[in-house]
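Colleague: Below: one structure in structure tokens.
Quick look at the structure:
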């Protein structure tokens with residue numbers, strides 16, 4: 015029933031405290047649940063940061079982390095073809111990655 019009645023592009027953020035059997039103390043778990051036209055998209059973040067609003071943790075910390083690091087790695091892989099390390103030898107792959115890195119640096123300068 016929920017799947018049939020859900021609205022397109024809606025999302026909710028929530029926070030709760032959970033304790034796993036292997037953890038020494040309870041941790042905060044922040045969840046973002048969004049309903050898209052194609053299905054559900056669920057993200058969970060476990061954090062030891064002070065208790066804050068779920069929106070602050072998700073957008074001010076988690077999303078900015080992705081923008082700062084992960085998207086730069088994706089740029090190098092996609093723009094400079096550095097994900098194609100298909101040689102068997104370490105030094106051949108190292109050299110190919112080095113050339114890709116230099117190409118990325120030139121791209122940033124220009």
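Residue numbers (the working numbering): 15 to 124.
By construction, the Cβ of each residue, glycine as well, lies at the ideal position given by its N, Cα and C atoms.
1) Quick test of your reading: residue 33 and residue 72, contact by CB under 8 Å. State the CB separation rounded to the nearest angstrom.
2) Quick one: measure Cβ to Cβ for residue 43 and residue 30, integer angstroms, because I've assumed they're closer than 8 Å.
3) Assuming residue 64 contacts residue 55 (C-beta within less than 8 Å), just tell me the rounded distance between them.
4) Looking at residue 101 and residue 92, is the spacing between their C-beta atoms short of 8 Å?
5) Could you give the distance in angstroms between the alpha-carbon of residue 77 and the alpha-carbon of residue 24?
6) According to DSSP, what are the bridge partners of residue 49?
7) May I ask you to report which of helix, strand or coil DSSP gives residue 79?
8) How far does the alpha helix (DSSP H) with residue 107 in it extend, from its first residue to its last?
9) With DSSP as the reference, label residue 86 as helix, strand or coil.
10) Taking the beta carbon of residue 114 as the centre, do at least 16 other beta carbons fall within 10 Å, making it buried, or is it exposed?
Modeller: By the coordinates alone:
1) Along the chain shown, read from residue 1 onward, the residue named residue 33 stands at position 19. Along the chain shown, read from residue 1 onward, the residue named residue 72 stands at position 58. Cβ-Cβ separation between residue 33 and residue 72: approximately 21 Å, too far for a contact (criterion under 8 Å).
2) Position 29 of the chain shown, counted from the start, is the residue given in the question as residue 43. Position 16 of the chain shown, counted from the start, is the residue given in the question as residue 30. Indeed they touch by this definition, with Cβ atoms about 6 Å apart.
3) Working through the chain shown from its first residue, we reach residue 64 at position 50. Working through the chain shown from its first residue, we reach residue 55 at position 41. Incorrect: roughly 27 Å between the Cβ atoms, too far for contact.
4) Counting from one through the chain shown, the residue named residue 92 turns up at place 78. Counting from one through the chain shown, the residue named residue 101 turns up at place 87. Taking C-beta atoms as the reference points, residue 92 and residue 101 fail to come closer than 8 Å.
5) To locate residue 77, count along the chain shown from 1; it is residue 63. To locate residue 24, count along the chain shown from 1; it is residue 10. Spanning the two alpha carbons is a distance of roughly 18 Å.
6) Numbered from 1 along the chain shown, position 35 holds the residue referred to as residue 49. Beta-bridge analysis with DSSP links residue 49 to 24, 54.
7) Residue mapping note: residue 79 aligns to position 65 of the chain shown, counting from 1. Helix.
8) The count along the chain shown starts at 1 and reaches residue 107 at position 93. Counted as a single uninterrupted DSSP element, the alpha helix (DSSP H) harbouring residue 107 occupies residues 104-123.
9) Position 72 of the chain shown, counting from 1, holds the residue named residue 86. Look at residue 86 here: in three-state DSSP terms it is helix.
10) Within the chain shown, residue 114 is the residue found at index 100, counting from 1. Counting Cβ neighbours within 10 Å, residue 114 comes out buried, since at least 16 surround it.
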